[in-house]
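Mapped onto the working numbering, the consecutive letters of the sequence shown carry residue numbers 649 to 991. Where is the CB? At the ideal position from N, CA and C, for every residue including glycine. Below you'll find the structure, written out as structure tokens, and then a few comments.
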Amino acid sequence: MIRASIVGASGYTGGELLRLLLDHPHVEVQQITSRTYAGLYAYQVHPNLRKRTRLKFVVPEALEPVDVLFLALPHGEAQKRIEHWASLATYIVDLSADFRLRDAETYRRWYGHDHAAPAWLDKFVYGLPELYREELRQARYVSGVGCNATATILAIWPAVRAGLVALDQGLVAEIKVGSSEGGATPNPGSHHPERANVVRTYAPFGHRHTAEVIQALGVEKVVLTMTSVDMVRGAMATVHAQVRPGVTERDLWKAYRAAVNENPFLRLVKERRGIYRVPDPKILAGSNYADLGFALDETTGHLVAMAAIDNLMKGAAGSAVQSMNLMLGFDETEGLTFPGLHP
Ligand SMILES: NC(=O)c1ccc[n+]([C@@H]2O[C@H](COP(=O)([O-])OP(=O)(O)OC[C@H]3O[C@@H](n4cnc5c(N)ncnc54)[C@H](OP(=O)(O)O)[C@@H]3O)[C@@H](O)[C@H]2O)c1
């Protein structure tokens, strides 16, 4: 058994990691940290885990060496003490944005401050298995993925990889997100009377996950427009692009079919009938699937590519466990087979 601990286990992604790792056949969770809830049982914060574990939260200073350390900390915390975290474990999976970008200058441009540990940036592999599977098999340090970046990248990646998109025309992604993206600490905007029933565009452009999309797809002009909607879990990316002259619906079918056949957690949703004709995050809560869809106006060459995910799963803890599986040589799907709920 691999020994794993979770730093920041009282948060939303930390709780989701704990849920997944408790069911993982090759992992034993050693310790979970929280300063606020130190001494309490995990289920007192994550009530879905009652009767599943007797683990109690400990303060981060009490951490003992393990094989894998998961860091689920607010932005900026992992980089401040990366040497310390690395002294505690052979493998690290960091869910924050601290080690997602490859170079310090790009990091500074998007995050507005210098990186605290720039020498560590190229030690980390971006934890999106669909694009970096072979690199993850060799990795010791894995960065998490931005949930909105994940949805945007996966929506259009099959078409980009097949060379069907006119990349010089750029990409525009409309992204609708649920409230759990904001983490467990409340703020005025997450207060129920303010957050319920909203369709609130909070970033027309300039969202930091844009940098991950540019890095992963090699496209220069990318716009992410972020809108909060009335759901708890879920991110839905609708990406607009121009295809190359002559590209047909048939070409796209081929590209998307190849991508879903090669990747256990990608599914193509493109139905003529029924309610679920295109991806919908509603049915993905708790699941590691990313549902992809597309529609092409063959007259104008306008492509609408879609991806729905659970932000806490494929957009965070699910991809993190999938990456750990690859890094440690386990089957990629181990511990991640829950298909979601319907209705
Ligand atoms: N929410 C999402 O959908 C999502 C998706 C992808 C990636 N992410 C990223 O994942 C990370 C965690 O997000 P989250 O939503 O789970 O956040 P969260 O709910 O706010 O949880 C943060 C956790 O970190 C702990 N913590 C805070 N400051 C700490 C410190 N200085 N040292 C040690 N522990 C500390 C907190 O517990 P105590 O304060 O009790 O110690 C808590 O357990 C973030 O970097 C976020 O950007 C989030």
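Given that a residue counts as buried once 16 or more other Cβ atoms are within 10 Å of its Cβ, and exposed if not, what is residue i?
{"i": "D850", "result": "Note that residue 850 corresponds to Tyr in the displayed sequence, not to Asp. So Y850 ends up on the exposed side."}
{"i": "T833", "result": "exposed"}
{"i": "S971", "result": "buried"}
{"i": "I680", "result": "buried"}
{"i": "L989", "result": "exposed"}
{"i": "T999", "result": "The question about residue 999 has no answer here: the residues shown for the chain are numbered 649 through 991."}
{"i": "P708", "result": "buried"}
{"i": "Q786", "result": "exposed"}
{"i": "E919", "result": "exposed"}
{"i": "L688", "result": "exposed"}
{"i": "F853", "result": "exposed"}
{"i": "G869", "result": "According to the sequence shown, residue 869 is Lys rather than Gly. So K869 ends up on the exposed side."}
{"i": "P695", "result": "exposed"}
{"i": "A844", "result": "exposed"}
{"i": "G977", "result": "exposed"}
{"i": "P987", "result": "exposed"}
{"i": "G760", "result": "exposed"}
{"i": "V880", "result": "exposed"}
Quick one: is the Cβ of residue i within less than 6 angstroms of any heavy atom of ligand 1?
{"i": "L721", "result": "yes"}
{"i": "P708", "result": "yes"}
{"i": "G977", "result": "no"}
{"i": "E980", "result": "no"}
{"i": "L665", "result": "no"}
{"i": "L984", "result": "no"}
{"i": "L703", "result": "no"}
{"i": "N959", "result": "yes"}
{"i": "S791", "result": "no"}
{"i": "P656", "result": "Pro is not the amino acid found at residue 656; the sequence shown has Gly there. Checking every heavy atom of ligand 1 against the Cβ of G656, one is found closer than 6 angstroms."}
{"i": "R729", "result": "no"}
{"i": "E897", "result": "no"}
{"i": "T833", "result": "yes"}
{"i": "A964", "result": "yes"}
{"i": "P712", "result": "With the sequence shown as reference, residue 712 is identified as Glu, and Pro is not the correct amino acid for it. E712: no, Cβ never under 6 angstroms from ligand 1."}
{"i": "T684", "result": "yes"}
{"i": "S838", "result": "no"}
{"i": "Y691", "result": "no"}
{"i": "L743", "result": "yes"}
{"i": "G642", "result": "As shown, the chain starts at 649 and ends at 991. That puts residue 642 outside it, with no answer to give."}
{"i": "Y850", "result": "no"}
{"i": "E725", "result": "yes"}
{"i": "E829", "result": "yes"}
{"i": "Y660", "result": "yes"}
In this structure, what does DSSP give as the bridge partners for residue i?
{"i": "R757", "result": "Beta-bridge pairing links R757 to no other residue."}
{"i": "F942", "result": "A953"}
{"i": "V813", "result": "V891"}
{"i": "F986", "result": "BP columns for F986 are empty, so no partner."}
{"i": "K824", "result": "T875, M884"}
{"i": "R651", "result": "E676"}
{"i": "V847", "result": "V877"}
{"i": "L819", "result": "V870"}
What distance in whole Å lies between the Cβ atoms of residue j and residue i, which are believed to be in contact at a cut-off of 8 angstroms?
{"i": "L769", "j": "L784", "result": "About 16 angstroms separates the two Cβ atoms, so there is no contact after all."}
{"i": "A953", "j": "A803", "result": "4 angstroms"}
{"i": "G656", "j": "L721", "result": "4 angstroms"}
{"i": "L819", "j": "A889", "result": "5 angstroms"}
{"i": "V677", "j": "S653", "result": "7 angstroms"}
{"i": "L670", "j": "R700", "result": "6 angstroms"}
{"i": "P836", "j": "E829", "result": "In fact, because the Cβ distance is near 16 angstroms, the residues do not count as touching under 8 angstroms."}
{"i": "V891", "j": "L951", "result": "5 angstroms"}
{"i": "I823", "j": "M884", "result": "7 angstroms"}
{"i": "G941", "j": "V793", "result": "Incorrect: roughly 20 angstroms between the Cβ atoms, too far for contact."}
{"i": "L872", "j": "A955", "result": "No, L872 and A955 are not in contact; Cβ-Cβ is about 13 angstroms, not under 8 angstroms."}
{"i": "K771", "j": "Y789", "result": "5 angstroms"}
{"i": "P893", "j": "G949", "result": "7 angstroms"}
{"i": "S791", "j": "D715", "result": "The pair is not a contact, with the Cβ atoms about 18 angstroms apart (cut-off 8 angstroms)."}
With a threshold of 7 angstroms between beta-carbons, can residue i be considered close to chain C, or not?
{"i": "E946", "result": "In the displayed structure, chain C is absent; only one protein chain is listed."}
At 3 residues or longer, what runs of the beta strand (DSSP E) sit wholly inside the segment 676-715? Uninterrupted beta strand (DSSP E) stretches at least 3 residues long and entirely within the segment 676-715 do not occur.
In chain order, which continuous runs of the beta strand (DSSP E) of length 3 or greater are located wholly inside the segment 859-918? 870-877, 883-890, 914-916, all fully within the segment 859-918.
Segments assigned beta strand (DSSP E), at least 3 residues, entirely inside the segment 714-801: 714-719, 737-742, 772-774, 789-791
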